[in-house]
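Visitor: Mind looking over this structure? Questions follow.
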Amino acid sequence: MRIAIVYHSLSGNTRRIAELLAGRLGPLVEAADLFEVHDLHQYSTLTAYMVGAPRAMRGESAAIDPAEIDVAAYDLIVVGTPVWAFAPTPAANGAVGALRGADGKEAVVFVTSGGAPGDAAGRLSTALEQRGIRVRGTVLFDRRDLENEERLAELVAIVTRPPSGG
Ligand SMILES: Cc1cc2nc3c(=O)[nH]c(=O)nc-3n(C[C@H](O)[C@H](O)[C@H](O)COP(=O)(O)O)c2cc1C
18 MRIAIVYHSL
28 SGNTRRIAEL
38 LAGRLGPLVE
48 AADLFEVHDL
58 HQYSTLTAYM
68 VGAPRAMRGE
78 SAAIDPAEID
88 VAAYDLIVVG
98 TPVWAFAPTP
108 AANGAVGALR
118 GADGKEAVVF
128 VTSGGAPGDA
138 AGRLSTALEQ
148 RGIRVRGTVL
158 FDRRDLENEE
168 RLAELVAIVT
178 RPPSGG
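Just so we're aligned, residue 18 is where the sequence shown starts under my numbering, counting upward by one.
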């Protein structure tokens, strides 16, 4: 099984979970590759709140680097986002749009938040479903969960579950 872990992270929490996940999956699967996306609008913490959060709330997609993420060679896509204003970040929305070769595949969503995630996971899942990608589960991490083994194990279990119908 080959897994693509696609994520955005401004202050490192989502990156940390993505990296921990890749480390846990390493011995279990054929490949667990990380694809970090960067918003071309380079936010500081201040501009993230003033400019980025309203964009996230409106569901906007940012221009990102890389502009395209080819996941044709992968069996499953994990998409991770920080929560901004109870929503996925514009860069995470951009990552969904940047996926290539993803049609018909399955995905797992995880979000990291300060404890008030709103419907960020649901909104990201809907965006993926609209691209023909079936979401098999979502996992929420708040700031206390960043070192939470159980939550990470829950994410690993969903990712490594055999595909539905298979
Ligand atoms: C602009 C902005 C908006 C945020 N909005 C929320 C929010 O609505 N709810 C919440 O629980 N945390 C919110 N947070 C906290 C982040 O979701 C949390 O710290 C997350 O883990 C950051 O991920 P990162 O370190 O990968 O960037 C916000 C952070 C920023 C910078």
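Where is the CB? At the ideal position from N, CA and C, for every residue including glycine.
Given this structure, state the Cα-to-Cα distance separating A170 from Q59, to the nearest angstrom.
Guide: To locate residue 170, count along the sequence shown from 1; it is residue 153. To locate residue 59, count along the sequence shown from 1; it is residue 42. Using only the alpha carbons, I get a separation of about 33 Å.
Visitor: Just the Cα atoms here: how many angstroms apart are F158 and I150?
Guide: As a working note, residue 158 is residue 141 in the sequence shown. As a working note, residue 150 is residue 133 in the sequence shown. Roughly 22 Å between the two C-alpha positions.
Visitor: Just to confirm the assignment, what range does the alpha helix (DSSP H) spanning A144 have?
Guide: Stepping through the sequence shown from its first residue, residue 144 is reached at position 127. Looking at the DSSP string, the run of the alpha helix (DSSP H) that includes A144 is 137-147.
Visitor: Please confirm whether I81 and L57 have their CB atoms less than 9 Å apart.
Guide: Within the sequence shown, residue 81 is the residue found at index 64, counting from 1. Within the sequence shown, residue 57 is the residue found at index 40, counting from 1. Yes, the pair counts as a contact, with Cβ atoms nearer than the cut-off.
Visitor: Buried or exposed: which applies to G111, given that a residue is buried once 16 or more other Cβ atoms fall within 10 Å of its Cβ?
Guide: Within the sequence shown, numbered from 1, the residue matching residue 111 stands at position 94. G111 is buried by the Cβ-count criterion.
Visitor: Give the DSSP-derived three-state secondary structure of G183 in the structure shown.
Guide: The residue labelled residue 183 in the question sits at position 166 within the sequence shown. Annotation note: pLDDT 49 at G183 (below 50); position unreliable, no value reported.
Visitor: Span of the beta strand (DSSP E) holding T155?
Guide: Taking the first residue of the sequence shown as 1, we reach residue 155 at position 138. Where T155 is concerned, the enclosing beta strand (DSSP E) stretches over 151-158.
Visitor: Can you determine whether any heavy atom of ligand 1 sits closer than 8 Å to the C-beta of R161, and answer yes or no?
Guide: The count along the sequence shown starts at 1 and reaches residue 161 at position 144. No.
Visitor: Can you tell me whether R75 is helix, strand or coil according to DSSP?
Guide: Counted from its first residue, the sequence shown places residue 75 at position 58. Coil, per DSSP.
Visitor: Alpha carbon to alpha carbon, what distance is there between T177 and M18?
Guide: As a working note, residue 18 is residue 1 in the sequence shown. As a working note, residue 177 is residue 160 in the sequence shown. When rounded, the distance between both Cα atoms is 8 Å.
Visitor: Determine the DSSP secondary structure at L45, reduced to helix, strand or coil.
Guide: If you number the sequence shown from 1, residue 45 lands on position 28. Coil.
Visitor: Going by the C-beta, is G76 closer than 8 Å to any heavy atom of ligand 1?
Guide: Counting from one through the sequence shown, the residue named residue 76 turns up at place 59. Every heavy atom of ligand 1 is 8 Å or more from the Cβ of G76, so no.
Visitor: Taking the beta carbon of G97 as the centre, do at least 16 other beta carbons fall within 10 Å, making it buried, or is it exposed?
Guide: Start at 1 with the first residue of the sequence shown, and residue 97 comes out as number 80. Looking at its Cβ environment, which holds 16 or more other Cβ atoms inside 10 Å, G97 is buried.
Visitor: According to DSSP, G97 sits in a beta bridge with which residue or residues?
Guide: If you number the sequence shown from 1, residue 97 lands on position 80. Beta-bridge pairing links G97 to Y24, F127.
Visitor: Would you check if the stretch 99-106 and the stretch 134-145 touch, i.e. whether three or more CB-CB distances between them fall below 8 Å?
Guide: Verdict: yes, contact present.
Visitor: Buried or exposed: where does E146 fall if 16 or more other Cβ atoms within 10 Å of its Cβ makes it buried?
Guide: Position 129 of the sequence shown holds residue 146. Label assigned to E146: exposed.
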